[in-house]
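Peer 1:
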Ligand SMILES: [Cu+2]
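Numbering (our numbering), first residue to last: 71 to 194.
(1) When you compare each of 165, 157, 103, 171 to residue 128 by their alpha carbons, which one comes out closest?
(2) Around the C-beta of residue 167, are 16 or more other C-beta atoms found within 10 angstroms, so that it is buried, or is it exposed?
(3) Would you report the Cα separation of residue 113 and residue 178, rounded to the nearest angstrom?
(4) Is residue 157 close to ligand 1? I mean its beta-carbon at under 7 Å from any heavy atom of the ligand.
(5) Identify the continuous beta strand (DSSP E) that holds residue 189 and give its terminal residues.
(6) Counting Cβ pairs closer than 8 Å, one from the stretch 141–148 and one from the stretch 97–112, do we hit at least three?
(7) Residues in the same chain with beta-carbon distance under 6 Å from residue 184, minus the five sequence neighbours each way, listed in chain order, please.
(8) Ligand 1 and residue 181: does any heavy atom of the ligand fall closer than 7 Å to the residue's C-beta?
(9) State yes or no: is the C-beta of residue 149 within less than 8 Å of the C-beta of residue 159?
(10) Going along the chain, which residues of its own chain have a beta-carbon closer than 6 Å to the beta-carbon of residue 120, five neighbours each way excluded?
(11) Measuring only the C-alpha atoms, how far is residue 22 from residue 110?
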């Protein structure tokens, strides 16, 4: 049905090009790596939290918050995006006592979708 409609409105060559065209150039961001890693137990305490996505993210509205087990925010509200790697954002943290921490993040993908997520790590 869709193809029939397209056939009526598009020249065959255009239709073929549309069907064969590669995936959209602007990707949806997915967190692929972090430091500390998800569910990792580390010692000594990290000085910053780094996140890497599968593709460069947009500069606006990026956020990283690190929260301790009592719900207190322990990052320094200084999220930055790497100048040389747009897929990499990071924020520094206060001196972290042993315990469990939650990292919450929000970025805007190249495809303009907002991507949020969280993971935990433990300082031993
Ligand atoms: Cu998307």
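Where is the CB? At the ideal position from N, CA and C, for every residue including glycine. Fair warning: this is a prediction, and the values are worked out from it, not measured in the lab.
Peer 2: On the basis of the coordinates in this document:
(1) 157
(2) exposed
(3) 31 Å
(4) no
(5) 184–193
(6) no
(7) 178
(8) yes
(9) yes
(10) 105, 160
(11) This structure cannot settle anything about residue 22, because the visible part of the chain is limited to 71 through 194.
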